[in-house]
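Numbering (my numbering), first residue to last: 68 to 370.
Idealized CB from N, CA, C, for every residue including glycine.
Please read these numbers as outputs of a predicted model, since none were measured by experiment.
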């Protein structure tokens, strides 16, 4: 698999700052799972509208091709795709790194379309150190040895999320607190898989062998920044989490380095009046899928 390498200088951080948007040199999101019931597309769009990154890395499982159904593709999911296309058209460099749920795209690795790049992995040369980014499913035991089981588990998990939403709807009506069945199951299963396969330690060891200071993954839906000691020195393991349960991202600036962003802990996101107004405007412009695709092609400058 080819690795793209990109250099960024600290001074370029100030080149893309519109009003009201936080300046971020690099933003990394993963495990969005567009096309599934668990995807928080509205929240993701609010987050994307709140930042102005120089580089946006989509680190795998953005569109869930495994579970894609033409019967479930809400307008909010399409609006995320359109917004990403708009960012690329405006000069934001977007790197889509493939994951296991969108592995069908791996055959197109190396595709370049304007400011959009499709690859399997990426290296960023940053002031704080070289960062190696990839989805991380290559280290998952279930992916390497039981792909059919992983796919079956994915469908079961999506059903669990749907059930969880129905249960929470009833609990809210009864004045009871919500429960997070899907998150509890996911954390337990994925933690066990990660422990067996030494996910973090393996990623850090390989990164150290290649001379990288940071390694950034997704896949296991557990946001984390953790320094790890290897035989060849310290490597900081990064995980961007997901937009199903945790609603998290990784952000980088030259002044602060890598940090985790938590949507649910951001007061600006919880004050939703402005965001809801933007969503209402979007809904007024929603058209049928054919019209949306036509607009997307125009935004990508394909037509």
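{"Query": "If you follow the beta strand (DSSP E) that residue 174 is part of, which residue opens it and which one closes it?", "Result": "Segment: none, residue 174 is in no beta strand (DSSP E) and carries neither H nor E."}
{"Query": "Can you tell me which of 184, 157, 243, 148 puts its alpha carbon nearest to the alpha carbon of residue 165?", "Result": "184"}
{"Query": "Give the straight-line distance between the Cα atoms of residue 149 and residue 298, rounded to the nearest whole angstrom.", "Result": "45 Å"}
{"Query": "By DSSP's criteria, residue 325 is part of a beta bridge. Which residues make up the other side?", "Result": "319"}
{"Query": "Below 8 Å on the Cβ atoms is my contact criterion, and I expect residue 266 with residue 203 to pass it. Report the Cβ-Cβ distance as a whole number of Å.", "Result": "7 Å"}
{"Query": "In the structure shown, what three-state DSSP assignment does residue 276 receive?", "Result": "helix"}
{"Query": "Within the same chain, show all residues whose beta-carbon is closer than 6 Å to that of residue 110, passing over the 5 residues directly before and after it, in chain order.", "Result": "314, 330"}
{"Query": "Nearest-angstrom Cα distance between residue 268 and residue 305?", "Result": "12 Å"}
{"Query": "Cβ atoms of residue 332 and residue 325: under 9 Å apart, would you say?", "Result": "no"}
{"Query": "Starting from residue 143, follow the beta strand (DSSP E) in both directions and report where the run begins and ends.", "Result": "No beta strand (DSSP E) holds residue 143; the alpha helix (DSSP H) holding it covers 142-156."}
{"Query": "What's the C-alpha gap between residue 262 and residue 199?", "Result": "Unreliable positioning characterises residue 262 in this predicted model, as indicated by a pLDDT of 49, which lies under 50. A coordinate reading is not provided."}
{"Query": "Just checking my contact of residue 93 with residue 124 at CB under 8 Å: how many whole Å lie between their CB atoms?", "Result": "7 Å"}
{"Query": "Who are residue 163's beta bridge partners in DSSP?", "Result": "125, 185"}
{"Query": "Which residues in the same chain as residue 303 place their Cβ atom closer than 6 Å to its Cβ, once the five residues preceding and following it in sequence are excluded?", "Result": "281, 294"}
{"Query": "Taking the alpha carbon of residue 394 as the reference point, which residue from 309, 191, 100 has its own alpha carbon closest?", "Result": "Look at the range of the chain in this structure, 68 to 370, and you will see that residue 394 is not part of it."}
{"Query": "I need the boundaries of the beta strand (DSSP E) containing residue 94, first residue and last residue.", "Result": "89-96"}
{"Query": "Just how far apart, CA to CA, sit residue 286 and residue 128?", "Result": "8 Å"}
{"Query": "With DSSP as the reference, label residue 205 as helix, strand or coil.", "Result": "helix"}
{"Query": "Report back the beta-carbon spacing between residue 168 and residue 100 to the nearest angstrom; my notes put them in contact at under 8 Å.", "Result": "7 Å"}
{"Query": "Mapping DSSP to helix, strand and coil, what is residue 299?", "Result": "coil"}
{"Query": "Cα separation between residue 87 and residue 133?", "Result": "37 Å"}
{"Query": "Grab me the residues of residue 335's own chain with a C-beta within less than 8 Å of its C-beta, minus the 5 sequence neighbours each way, in chain order.", "Result": "117"}
{"Query": "Across which residues does DSSP place residue 130 in a beta bridge pair?", "Result": "101"}
{"Query": "Output yes or no for whether 9 Å exceeds the beta carbon distance between residue 327 and residue 338.", "Result": "no"}
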